[in-house]
Every structure is written in structure tokens, then in C-alpha cells.
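For the sequence shown, the working numbering assigns the number 157 to the initial residue and increments by one for each residue that follows.
Ideal Cβ placement from N, Cα and C applies to all residues, glycine included.
No experiment lies behind these values; they were computed from the predicted model shown.
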Amino acid sequence: MDSPNSPKTHNYHFKNVYDDYTEQNAKPHIENKTVSTGSLIKSRLNFKWESTLKELEDWNSTDYSVYTGTAGVGMLLLRKAPNDKKNLRNIRKNYLQLDHLKNRSVSFLCGDAGPLALAAVISHKLEDNKIFDFCIKRLAAFSKVVKNTSSDLANEYLYGRAGYLYALLYVNKHVSPSPFNESVIRSVISAIFTCGETLAKHLKIEKDCPLMFEWHNTKYLGAAHGISGIIYLLLQARDYLLEDELNNLIKPTIQFLTTLRFPTGNFPSSLGPGKADKYVQWCHGAPGFLYMYCAAYRVFGEQHYLYSALKCADIIWWRGLLKKGYSLCHGVAGNAYCFIELFQTTKDEKHLYRAIKFAEYCLDHTKNREQCTPDRPMSLFEGISGPMYLLLDLQEPENAKFPGFTL
Ligand SMILES: [Zn+2]
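#1: Identify, in the order they occur along the chain, each residue of the same chain with its Cβ nearer than 6 Å to the Cβ of asparagine 172, setting aside the five sequence neighbours on each side.
#2: Should arginine 394 be labelled buried (16 or more other beta-carbon atoms within 10 Å of its own) or exposed?
#3: Between lysine 204 and proline 553, is the Cβ-Cβ spacing less than 9 Å?
#4: Quick one: what's got a C-beta closer than 7 Å to isoleucine 292's C-beta in the same chain, skipping five residues either side?
#5: Just reading off the alpha helix (DSSP H) that alanine 318 is part of, what are its end residues?
#6: According to DSSP, glutamine 437 sits in a beta bridge with which residue or residues?
#7: Comparing alpha-carbon positions, which option in Asp549, Val327, Lys513, Leu536 lies nearest alanine 182?
#8: Taking buried to mean at least 16 other C-beta atoms within 10 Å of its own C-beta, is alanine 380 buried or exposed?
#9: By DSSP, does leucine 212 sit in helix, in strand, or in coil?
#10: Just the C-alpha distance for isoleucine 410 and asparagine 555, rounded to the nearest angstrom, thanks.
#11: Nearest CA to the CA of histidine 372: which residue from Tyr435, Val488, Ala432, Asp308?
#12: Using alpha carbons as the reference points, say which of Gly490, Leu355, Tyr388 lies closest to leucine 563.
#13: Does ligand 1 have even one heavy atom less than 8 Å from the beta-carbon of tryptophan 473?
#14: According to DSSP, which residues form a beta bridge with glutamate 187?
#15: Let me confirm a value: proline 271 is counted as buried when at least 16 other C-beta atoms fall within 10 Å, else exposed. Which label applies?
#16: If distances are taken between C-alpha atoms only, which option among His280, Gly385, Phe558, Tyr545 comes closest to asparagine 202?
#17: What does tryptophan 371 pair with, by DSSP beta-bridge criteria?
#18: For glycine 444, count neighbouring C-beta atoms within 10 Å of its own C-beta (all shown protein chains included) and say buried if the count is 16 or more, exposed if not.
#19: Using a Cβ-based criterion (distance less than 8 Å to any ligand heavy atom), does cysteine 468 qualify as near ligand 2?
#20: In whole angstroms, give me the CA-to-CA distance for serine 217 and threonine 226.
#21: Buried or exposed for threonine 564, going by 16 or more other Cβ atoms inside 10 Å?
#22: Got a sec: does ligand 1 put a non-hydrogen atom nearer than 8 Å to the Cβ of tryptophan 438?
#23: Compute the beta-carbon to beta-carbon distance between serine 263 and tyrosine 313, rounded to the nearest angstrom, for a pair I have assumed lies under 8 Å.
#24: Using CA atoms only, rank isn't needed, just tell me which of Asp504, Glu516, His486 is closest to tyrosine 223.
#25: Give me the residue from Phe288, Tyr376, Leu254, Lys360 with the minimum Cα distance to asparagine 311.
#26: Closest by CA to aspartate 549, which one among Phe412, Met231, Tyr453, Glu211?
#27: Tell me leucine 478's beta-bridge partners as DSSP assigns them.
#28: Cβ of alanine 380 within 8 Å of any heavy atom in ligand 1?
#29: Quick test of your reading: proline 533 and glycine 539, contact by CB under 8 Å. State the CB separation rounded to the nearest angstrom.
#30: With H, G and I counted as helix, E and B as strand and the rest as coil, what does DSSP make of serine 150?
#31: Would cysteine 468 pass as a contact of tyrosine 453 if the rule is Cβ separation under 9 Å?
#32: Can you determine whether any heavy atom of ligand 1 sits closer than 8 Å to the C-beta of cysteine 518, and answer yes or no?
#33: Whose C-alpha, out of Ser483, Leu321, Tyr168, is nearest the C-alpha of valine 295?
#34: Looking at ligand 1, does it come within less than 8 Å of histidine 256, judged from the CB to the closest heavy atom?
#35: Output the distance between the C-alpha atoms of tyrosine 396 and valine 340, rounded to the nearest integer angstrom.
Here's what the structure looks like:
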């Protein structure tokens, strides 16, 4: 592959000086496909958790979202002790702010659907039917605007239909019996396909690329605002997809997207000529494509998807220690999750090793490694809660899931 530290790209990341995977290098870190007890990720976890809690204690915010607000911290606390009733009651009361939600957006990460979905799951665990029914009703009510394909609602993860679909699927996964029936889920999926086909036809690219989406007039390609994130979620909802949608819409679209790959292995952040090879982070660039390719490999079983995912992983390894910092959205923690996804897909411990090295990097959270302090330094997607979530998740790498993105 091309030099990972070419002058063109060097400004965005630190040089990765970690030794790459060999069986020998992995030995102190991995035992039976999980993190060994001697690893820093395990031995320093409690200390890191205590210091993170201290930082979180004094945090007050009127942002109630999962992405940058209190619900994201609630999600971290839920990950720490998912069945501790005292913890669950504390999260619902102090982090989900159900009385303050204002129907501002329908998505899980940046809208009301996130706190509502989390409150539904927590209320189910607490056997509190009244609040559970309230949350389900509120979530279901959003489907009216989501189904309307002539509204100006976007389709991406952060604010659009994919973000709403994630909320429904998240609740269905964690509540039994599943409260949202197939026809509701199908109606959201159909609306996403209708919007994607309409735009592709409008752009006259439908023969090569039958689906395209835009956000604020830009055809983004990455996980947060773009098509790779939307396709990743659709493939995770594979049980609800029709064969025709899989073979005649999703497959050729992925084929087209693959042609956009830079010689380095990275991908542009949006469609159009003259795009620079800049970002390697969850929200833009190769990481979003890695998730899409892994999901495509799991669904279609074709080897070339795995090859494409491995290509993404190499560029993430070389260019993923970002100067922007440690966050999930555009930082090292988000990039570490790519290796976890690939480990879960292949069971190859090389990817677990790489995830552990990136997580070790996050453990050494010092200000001088961060180019600028994040706007929301405590939050799940921009702040300290994200790397902490990763460290907790890596204790059980087979079950780890990028919060708000992987089901
Ligand atoms: Zn970002």
C-alpha cells in the first residue's frame, strides 16, 4: 500500500509507532480470543472508570441527546451496569430528561428518539409499564413524518430516517416481545429506498448507482451523514429486506461506491470531482465503508467484500491515530471500533490486537495529544464518555457494539 504518512495526509494524524500484529506481539494482550488479564486495558480499567466518573460528576448540560448530551452519558452508565436497578433508575431520572424533550428530531443520536428508546428499554427492565408505554407511543408517533417521503427529512444517521430506524430496531432488540411490528419497520425502510432511488434518478446515475442520499445538498458518503452508514444499517436489518432490494439496489450501489476508493485505500467524504484524501474517522472516510463491507460480507458471503473491509482496516491502522482526539465520532475510539467489527466478522485476532492498541492509546488521555479540546468534552460522541465506552466494551470483544450505530 502507499506510504501511510505521505505529506498530503500527515497533518491529520500522528504517526502510528505501534508494532503491527504478529502472534508474538499479540501474546501479552490476547488470550483465547479475548483481552488477557495482564493487558493494560484490563488492569487500568477501574482506575480509568473512577477518574471518568469524577469528571462526569460536575457536568451539567441542557443538551439531552445521545450524541453530545446527557443521554449519551446515560448510555455509558447503562453499558457499565445494565441490570443494576438503582443504576437504571438513576439513568432514567437524571440523564434521559423525558420531560424536556421537544420533538426536535426523530433520530437516535441527535433527536428525541435516542432518550425515548433508552428510557423504553430501561423501563422494560424495571417493569414500569406506564413509562414504557409512554416512550413507545412517542416513538411510534414519529413514524408519520418519517414515512412521508415528500417531507424534507434527511435519511442519514445523525438526524434522518436511518437514525429513527436504528431507534426502533434497538428497542425491538432489547425488549421482548418486540413492540414495533414488521409493517412499521418496513414502512421506514421503504421510505429510505424511495428517497435513495428518487435522488439517483434525479442525478441520472441510477444505472450505475441505484441509490444516493444527500444531507444539506451534499451527497455524503461516510457513516454519520452518508450512504455507507445508511447501507450498513439496512444490511443489519437484513431480515426486513426484500431480495430485490438486496440484489438490485444495495449490491450495485456498493459496487459503484467501491469505484470511488482512493489509491491509498481511503474514501472521499462526499460525491463529486476533486475530493481530497483527508479524513479517516467514523463520520467521514474509510471507517464507514469498513462497516458497510463487513455487513455486506456477512449478508452476501462474497469474499471481495471482506477484501475491501481489510483494505479499509489497513488505512485506519496507519492513519487512524487522529490529532483531533479520542472521540467516537472523529477520533481514535471510533476508529478502534472498526477493528472490533472486523474481529467479530472474521474471528481473526489480528484485528482484536489492533483494537487493543488503539484503546491503549485512548487510555493515555492527555491534553497534549489532542489538537483542540472538544466542544462537549464529557459527551459520548465528542468527549470522554466515548473512549470509556470502548474500554468497557473491549472487556467482552465478541459482544462489543459501536453505541448508537451497531445493533
Ligand atoms: Zn465526526
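In brief:
#1: Looking up residue 172 in the sequence shown gives position 16. The answer, listed in chain order, is Trp474, Leu477.
#2: Locating residue 394 in the sequence shown gives position 238, counting from the first residue. Arginine 394 comes out exposed.
#3: Residue 204 sits at position 48 when you count from the first residue of the sequence shown. Residue 553 sits at position 397 when you count from the first residue of the sequence shown. Cβ distance not < 9 Å, so lysine 204 and proline 553 don't count as in contact.
#4: To locate residue 292, count along the sequence shown from 1; it is residue 136. Answer for isoleucine 292: Ala276, Pro335, listed in chain order.
#5: Counting from 1 along the sequence shown, the entry for residue 318 is found at position 162. Counting along the chain, the alpha helix (DSSP H) containing alanine 318 begins and ends at 317-330.
#6: What you label residue 437 is simply residue 281 of the sequence shown in a count that begins at 1. For glutamine 437, which the question treats as bridged, DSSP gives the partners His440.
#7: In the sequence shown, residue 182 corresponds to position 26, counting from 1. Comparing Cα positions, the closest option is Lys513.
#8: Position 224 of the sequence shown, counted from the start, is the residue given in the question as residue 380. With 16 or more other Cβ atoms within 10 Å, it is buried.
#9: Within the sequence shown, the letter at position 56 stands for residue 212. If DSSP states are grouped into helix, strand and coil, leucine 212 belongs with the helices.
#10: Numbered from its first residue, the sequence shown carries residue 410 at position 254. Numbered from its first residue, the sequence shown carries residue 555 at position 399. Roughly 27 Å separates the two Cα atoms.
#11: In the sequence shown, residue 372 corresponds to position 216, counting from 1. When only C-alpha atoms are compared, the closest one is Asp308.
#12: For the purposes of this step, residue 563 is identified with residue 407 of the sequence shown, where counting begins at 1. Per the Cα distances, Tyr388.
#13: Numbered from its first residue, the sequence shown carries residue 473 at position 317. No, since every heavy atom of ligand 1 falls outside the 8 Å radius drawn around the Cβ of tryptophan 473.
#14: Position 31 of the sequence shown, counted from the first residue, corresponds to residue 187. Answer by DSSP bridge pairing, in chain order: Thr190.
#15: Translated into positions along the sequence shown, residue 271 becomes position 115. By the neighbour-count rule (16 or more Cβ atoms within 10 Å), proline 271 is buried.
#16: As a first step, residue 202 is located in the sequence shown; it is residue number 46 there, counting from the start. That would be Tyr545, whose Cα lies nearest to the Cα of asparagine 202.
#17: Locating residue 371 in the sequence shown gives position 215, counting from the first residue. DSSP, once it has assigned bridges, lists Thr374 as partnering tryptophan 371.
#18: Position 288 of the sequence shown, counted from the first residue, corresponds to residue 444. Its Cβ being crowded by 16 or more others within 10 Å, glycine 444 is buried.
#19: Looking for ligand 2 in the displayed structure turns up nothing; the ligands present are ligand 1.
#20: Translated into the one-based positions of the sequence shown, residue 217 becomes position 61. Translated into the one-based positions of the sequence shown, residue 226 becomes position 70. Whole-angstrom Cα-Cα distance: 7 Å.
#21: Residue 564 lies beyond the range of the chain shown here (157 to 563); nothing can be said about it.
#22: Within the sequence shown, residue 438 is the residue found at index 282, counting from 1. It does: the Cβ of tryptophan 438 is within 8 Å (strictly closer) of some heavy atom of ligand 1.
#23: Taking the sequence shown and counting its residues from 1, the one referred to as residue 263 is at position 107. Taking the sequence shown and counting its residues from 1, the one referred to as residue 313 is at position 157. Confirmed, about 7 Å.
#24: Residue 223 sits at position 67 when you count from the first residue of the sequence shown. Comparing Cα positions, the closest option is His486.
#25: On the sequence shown, position 155 is the one that residue 311 refers to. Of the candidates Phe288, Tyr376, Leu254, Lys360, the one whose C-alpha sits nearest the C-alpha of asparagine 311 is Tyr376.
#26: The residue given as residue 549 occupies position 393 in the sequence shown. Ranking Phe412, Met231, Tyr453, Glu211 by Cα distance to aspartate 549 puts Met231 first.
#27: What you label residue 478 is simply residue 322 of the sequence shown in a count that begins at 1. Per DSSP, His169.
#28: For the purposes of this step, residue 380 is identified with residue 224 of the sequence shown, where counting begins at 1. Yes - ligand 1 has a heavy atom lying nearer than 8 Å to the Cβ of alanine 380.
#29: The residue given as residue 533 occupies position 377 in the sequence shown. The residue given as residue 539 occupies position 383 in the sequence shown. With a Cβ gap of about 4 Å, proline 533 and glycine 539 count as contacting.
#30: What is shown of the chain runs 157 to 563, which leaves residue 150 out entirely.
#31: For the purposes of this step, residue 468 is taken as the residue at position 312 of the sequence shown. For the purposes of this step, residue 453 is taken as the residue at position 297 of the sequence shown. It is not a contact, given that the beta carbons lie outside the stated cut-off.
#32: Against the sequence shown, residue 518 aligns to sequence position 362. Cysteine 518: no, Cβ never under 8 Å from ligand 1.
#33: Locating residue 295 in the sequence shown gives position 139, counting from the first residue. At residue 295 the sequence reads leucine, which differs from the valine that was named. The residue with the shortest Cα to Cα distance from leucine 295 is Leu321.
#34: Taking the sequence shown and counting its residues from 1, one reaches residue 256 at position 100. Outside the cutoff, so no.
#35: Sequence index remark: in the sequence shown, residue 396 carries index 240 (1-based). Sequence index remark: in the sequence shown, residue 340 carries index 184 (1-based). Going by the C-alpha atoms only, they are around 11 Å apart.
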